[in-house]
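Next comes the structure, spelled out in structure tokens:
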């Protein structure tokens, strides 16, 4: 169940994807480009392309032979990476060609307009009428030479290829040589111009610098005379001043140190306490200091002895008194010695301090003198440097001036011949193959245009696809060519043939749905006569009869004798379809059995001019209603649509209309008009039959197919239900009407 639902959904989706136009236009799914038609068109009309191609190529070859020949001279030069360098000045240095951009500059220079004008003047091309007309101006001559010159740098090398095309081989070679020679001369002239400008500028600068150098030397001499400072021009005088100042500084430092030492020693004596042993540390070991220290030690020894005496004797004892008196004497002497040493130190301290002050003043004075001398000396050195710089700059410019004059005589070319040009022996152009190809292509375009115009003007239908597009209906079946059609009944004469199988396929295609009352009447029609509609109607009816369907073949062509011509031979006007429609006979009298079981025919009767009026009456639909009661199928053969209106009247009563188109015989506009007429008249045009069976019968004298008549010894056809008709074993008797 789920499978069925899924299948239904898929079908719905597919149907939804089909455009609505497909149901309205049966040709929607036909290919937009008919490859078969294109191939057939090319095969049929290939001469329309071949002939213009040949003519175009021949014309261009003739034109080439009339054109002047041109010759191409070739040469190549190698670009050196460095040129002779005389000067290191960038402004006058020769061209460098170390990288690709610089080599490209050389390449562009070889084809520059200025260089080409020099070549024109050197070779007097303006006076040569074979190069350019005498009335042409410089721009025209330059443009002519530019078109002939080709310069190209080889990829990945330092080689430049040069080629010149000219009408004279010798001149082509000479122009290649002139390009290189003039480029070298042009480069040399530019280098000389730059060198000349540089020389003039350097000469002016040399004169200016010479005057400046002399002025600087004069100012230096005047300064030397104005400031007679010792050691002005050298470093010896400055060294003496610096040594004097250094000596004074050293003496000042020494005097300061001595003054500080005396000051410290003096303070030690001032603060000296003989009872304090630590006071001895501030006394230096001088002569007076040694004397003081000796007295201090002697005093200390006697005091130590006095301590022992105190322990042994009383203060009234003579020993005690003697020792006390001696200690007082030592203390008095020590105080006197210390006082004398302090006075001496004070005197020496004052002398050292005065000496320090004098040295400090001398140092200050010497420092001021040194600074003033150094300033004058520094100013002199600055003036000396300036004068030296002026002299060096003048010497440098003078050297450059001499080098520049020397560089003017040195060539600076970077080109040398790699392949020298030669006189061409064979012409380079015009190219015959190229011109022939151009002419052939132009002829091809002309031929293609002619082919398209001829094809568009050709209205003949040559394949089923074109017929389907013209009719607007699909192809039902294609009837192939039949080698032996016999009397036209292919299913009887050759039932195993492809043609018989085609009509069986048509029977299946036109078969109505099971249980449906529609599709019982099939009308075969064509746009014009000779398409094979009668042949298709006869064989389609035969296929139905052979399948067991009671089939009525109705020949409604009352304009020309066709299917039922054997039935109408010798008949009166009161016979066939015409007699019935005219009300002169009944249907049973117009219907006859054929030699094929289940196949019956109503002949057209005598040819009439009022067929359209008879068919438009009420008796024709009544005939079809009566036929539906006695027959399973009704097949109608109608006259051409465009010839008369009979088929249009019949088409509205037929369930299905089938148009027959003969291969190569249809016209697009005629088919389209016939189909539109059938549809506008109410006919149901379901498709068409592509008929190829008439290929071999186009030029034959055959009058077309005819229904075989069942005439067992009778002088005339017998109606259905008569006794004579029932005697033949192939006749199926029926009552009609």
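Numbering (our numbering), first residue to last: 678 to 1414. Idealized CB from N, CA, C, for every residue including glycine.
* Asked: The beta strand (DSSP E) with residue 1201 in it runs from where to where?
  -> 1198-1202
* Skipping 5 residues on each side, what residues in its chain have a beta carbon closer than 6 Å to that of residue 1285? -> 1235 and 1255
* **Contact the region 1146-1156 vs the region 1344-1359: 3+ CB pairs below 8 Å** => yes
* Run the CB neighbour count on residue 1110, radius 10 Å, all protein chains shown included, and call it buried at 16 or more, exposed below. => exposed
* Could you tell me the boundaries of the alpha helix (DSSP H) in which residue 1417 lies? => Residue 1417 falls outside the range modelled here, since the chain spans only 678 to 1414, and no answer is possible.
* Anticipated Cβ contact below 8 Å, residue 1347 with residue 1205, distance rounded -> 6 Å
* Just grab the DSSP bridge partners of residue 1235 for me. => For residue 1235, which the question treats as bridged, DSSP gives no partner whatsoever.
* To do: Using only alpha-carbon positions, find the residue among 1319, 1290 and 1230 that is nearest to residue 1269.
  => 1230
* Asked: Which residue from 730, 1065, 1078 and 735 puts its Cα closest to that of residue 879?
  -> 1078
* Asked: Hey, how far is the Cα of residue 1359 from the Cα of residue 1223?
  -> 31 Å
* Is residue 1393 helix, strand or coil when you go by DSSP? -> Its pLDDT being 37, under 50, residue 1393 is placed unreliably in this model, and the value from its coordinates should be taken loosely. The answer is coil: DSSP assigns residue 1393 none of H, G, I, E or B.
* Measure the Cβ-Cβ separation of residue 1237 and residue 1312 and say whether it is below 8 Å. => no
* residue 1019 versus 1170, 1033 and 969, residue with shortest Cα-Cα distance -> 969
* So, helix, strand or coil for residue 1102, using DSSP? -> coil
* Rounded straight-line distance, which links the Cα of residue 1117 to that of residue 823 -> 30 Å
* Measure from the alpha carbon of residue 864 to the alpha carbon of each residue in 787, 975, 942 and 1112, then state which is nearest. => 787
* Does the separation of the CB atoms of residue 841 and residue 825 fall below 8 Å? -> yes
* **Residue(s) in a DSSP beta bridge with residue 1277** => 1229 and 1270
* To do: Identify which residue in 801, 884 and 1272 has its Cα closest to the Cα of residue 1070.
  => 884
* Would the beta-carbon of residue 1324 fall within 8 Å of that of residue 1199? -> no
* Asked: The alpha helix (DSSP H) spanning residue 1185 covers which residue range?
  -> 1175-1186
* Asked: Which runs of the alpha helix (DSSP H) spanning at least 4 residues fall entirely within the region 843-928, listed in chain order?
  -> 846-903
* Does residue 1338 get closer than 8 Å to chain B when you measure Cβ to Cβ? -> The structure shown contains no chain B, having only a single protein chain.
* Backbone CA spacing between residue 755 and residue 1060 [nearest angstrom] -> 55 Å
* Which same chain residues, not among the five before or five after residue 1277, have their C-beta less than 6 Å away from its C-beta? -> 1229, 1268 and 1270
* Asked: residue 1353 lies in the alpha helix (DSSP H); which residues open and close that run?
  -> 1345-1357
* **Cβ-based burial, residue 1218 [other Cβ within 10 Å; buried from 16]** => buried
* Asked: Taking the C-alpha atoms as reference points, what is the distance between residue 984 and residue 938?
  -> 38 Å
* Asked: Rounded to a whole number of angstroms, what is the C-alpha to C-alpha distance between residue 1298 and residue 1155?
  -> 31 Å
* To do: Determine the extent of the alpha helix (DSSP H) in which residue 793 is found, giving its start and end residues.
  => 790-799
* Asked: In three-state DSSP terms, what is residue 1095?
  -> strand
* **According to DSSP, residues forming a beta bridge with residue 1460** => Nothing in the structure corresponds to residue 1460, since the chain is present only between 678 and 1414.
* Asked: Secondary structure at residue 1255, three-state DSSP: helix, strand or coil?
  -> helix
* residue 1096 to residue 776, Cα distance in whole Å? -> 22 Å
* Asked: residue 1081: buried (16+ other C-beta within 10 angstroms of its C-beta) or exposed?
  -> buried
* Asked: Excluding sequence positions up to five away, which residues of its chain have a Cβ less than 7 Å from the Cβ of residue 861?
  -> 1090 and 1092
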